[in-house]
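In what follows, a structure is listed as structure tokens, so that the remarks can point back to it.
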Amino acid sequence: MASYSMGDLKKGLKIELDGVPYKIVEYQHVKPGKGAAFVRVKLKSFVNGKVLEKTFHAGDKCESPNLVEKEMQYLYDDGEFCQFMDVESYEQVAISDEDVGEAKKWMIDGMMVEILFHNGNAIGVEVPQVVELKIVETAPNFRGDTQGSNKKPATLESGAVVQIPFHILEGEVIRVDTVRGEYIERANK
């Protein structure tokens, strides 16, 4: 494992502190008028999503975490755990609904997702930034509802609810940005 010093730290870097993997989400190099320079960072835990602030001084070291991303297929939710399968080895992994987090509202059976492993244990799920999902419930169209700024709620096959333009109908497949939770466009048929 690589070791990082204060000068190696930057936004987006993955580090490990006290056995917990973190990602640096904010980075600030501070050079006060008196004394030595230091780095103030905000770290987001891969394990529980909590954010903490830490200050690194010259000579402080941190390790590179043992993180592995693996593409796996989402199979189903048994009520307590989401089940995933490696399509090459057919090995299955169960991840608690709590660890899956926000990604769950965008997942449908058979979807390929990225599973993050830390020291061999599955700790998180990442869905693609853009997914295509079918609208299972939305209000019907009415004449004159063609204004582009007007939106209506639509429930998708994954259970997520997004705002869509009035001219989009139930049964259509749309593209959704999973990061912002917003409608992008109709999917090509």
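In this text, residue positions in the sequence shown follow full-length UniProt numbering: the first is 1, and each later residue adds one.
Idealized CB from N, CA, C, for every residue including glycine.
Status (buried if at least 16 other CB within 10 Å, exposed otherwise) for residue i
i            : result
lysine 50    : exposed
threonine 55 : exposed
glutamine 87 : Sequence check: residue 87 is valine here, not glutamine. By the 10 Å Cβ count, valine 87 comes out exposed.
Neighbourhood of residue i by C-beta, 7 Å cutoff - its chain only, sequence neighbours within 5 removed
i              : result
valine 162     : Ala154, Leu156, Val176, Gly181, Glu182 and Tyr183
methionine 112 : Glu71 and Gln73
tryptophan 106 : Val127, Val131, Ser158, Ala160 and Thr178
leucine 75     : Gln83, Phe84, Met85 and Asp109
Rounded straight-line distance, which links the Cα of residue j to that of residue i
i                 : j              : result
lysine 23         : leucine 13     : 6 Å
aspartate 60      : proline 32     : 18 Å
leucine 52        : lysine 44      : 7 Å
glycine 120       : glutamate 69   : 11 Å
glutamate 98      : serine 5       : 33 Å
lysine 34         : lysine 42      : 24 Å
valine 25         : lysine 151     : 33 Å
phenylalanine 166 : aspartate 8    : 50 Å
glutamine 28      : asparagine 141 : 51 Å
Cβ-Cβ distance between residue i and residue j below 8 Å
i             : j                : result
glutamate 114 : serine 64        : no
leucine 67    : proline 128      : no
alanine 36    : alanine 58       : yes
valine 47     : phenylalanine 38 : no
glutamate 80  : isoleucine 135   : no
Three-state secondary structure assigned by DSSP to residue i
i              : result
lysine 11      : coil
glycine 101    : helix
methionine 107 : coil
Beta-carbon contacts of residue i that lie in its chain and below 8 Å, excluding the five residues immediately before and after
i            : result
arginine 186 : Ile168, Glu172, Val173, Ile174 and Arg175
tyrosine 90  : none
Same chain, Cβ closer than 6 Å to residue i, five either side skipped, listed in chain order
i           : result
alanine 122 : Val93, Ile95 and Ile115
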